[in-house]
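Residue 111 in my numbering is what sits at position 124 of the sequence shown, and the numbering runs on without skipping anything.
We treat Cβ as the ideally placed atom computed from N, Cα and C, and that holds for glycine.
Let me begin by presenting the structure, written as structure tokens, before commenting on it.
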Amino acid sequence: MPLMELSKTVVCKLQPSEEDAQKLLATLEAFRDACNYISEIAFERRVFNPVALHHMVYRETRGRFKLPANLAVRARDRVAKAYKQRRDKLLKFRKLSMDLDERLFRLIYKPDGIYASTSTLQKRVKPPLNIGNYQRKLLEDARPTHAVLVYRNKTLHLH
């Protein structure tokens, strides 16, 4: 019998500088807009398969929204996943959040704290995490390979 693998979600508040926060917000907005663009194409053409969708929207998404390659792929995957549940209605993405994989995000462990290196539209930013000892222990024991960057209540969080 195969073993089930459990994953824990550790919510971490980011403490970016004003400049880094603006870069992250601009990237979140571009990601949301890209998801809405891809959603419109998918719904109009009734194509929900990620590979077929990729061939239709990848270049245009990269060019129009200036997203790094992996963020364009993450936007396509988010739309395809959303349409798996509901295909009868055009889906709109409103929340500012984006999926990050191991190429878009990694944690940097330094003696003075843990930093989240994250790709943006311009360049990578490395804001520190504002976390407690419990969260720190969880992050040090298991090296995360993916995350979701979320903007809510005027603060940035990694899940």
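Backbone CA spacing between residue i and residue j [nearest angstrom]
i, j, result
"L145", "V(-2)", "6 Å"
"R139", "L83", "8 Å"
"T14", "L136", "10 Å"
"L143", "P131", "18 Å"
"S(-6)", "Y121", "16 Å"
"A17", "K97", "31 Å"
"I25", "V44", "7 Å"
"L(-10)", "G50", "43 Å"
"E47", "K76", "23 Å"
"F92", "E31", "32 Å"
"P55", "L11", "13 Å"
"I118", "K0", "7 Å"
"G109", "Q2", "The sequence shown places Gln at residue 109, rather than the Gly named in the question. About 19 Å."
"K79", "H42", "21 Å"
"D128", "E(-8)", "15 Å"
"R123", "K53", "34 Å"
"H133", "P37", "19 Å"
"K141", "T(-4)", "21 Å"
"R33", "E27", "10 Å"
Those residues which DSSP pairs with residue i across a bridge
i, result
"H144", "K0 and V137"
"R93", "S104"
"D86", "V135"
"P115", "Y102"
Anticipated Cβ contact below 8 Å, residue i with residue j, distance rounded
i, j, result
"F35", "R74", "6 Å"
"L94", "L126", "6 Å"
"A39", "Y70", "Actually they are not in contact, since the Cβ atoms of A39 and Y70 sit about 12 Å apart, beyond 8 Å."
*Just checking, does the segment 105 to 115 make contact with the segment 5 to 22 on the three C-beta pairs under 8 Å criterion?*
yes
*Pairing CB atoms from the segment 86 to 94 with CB atoms from the segment 53 to 64, are three or more of them under 8 Å?*
yes
*Count the CB pairs spanning the segment 62 to 73 and the segment 19 to 35 that are closer than 8 Å, and state whether there are at least three.*
yes
*Jot down the residue ranges of each uninterrupted beta strand (DSSP E) in the segment -9 to 47, minimum 3 residues, whole runs only, in chain order.*
-1 to 1
*asked:* Does the structure place the segment 113 to 127 close enough to the segment 94 to 103 that three or more beta carbon pairs sit under 8 Å?
replied: yes
*Uninterrupted alpha helix (DSSP H) stretches inside the segment 46 to 71 (no shorter than 4 residues)*: none
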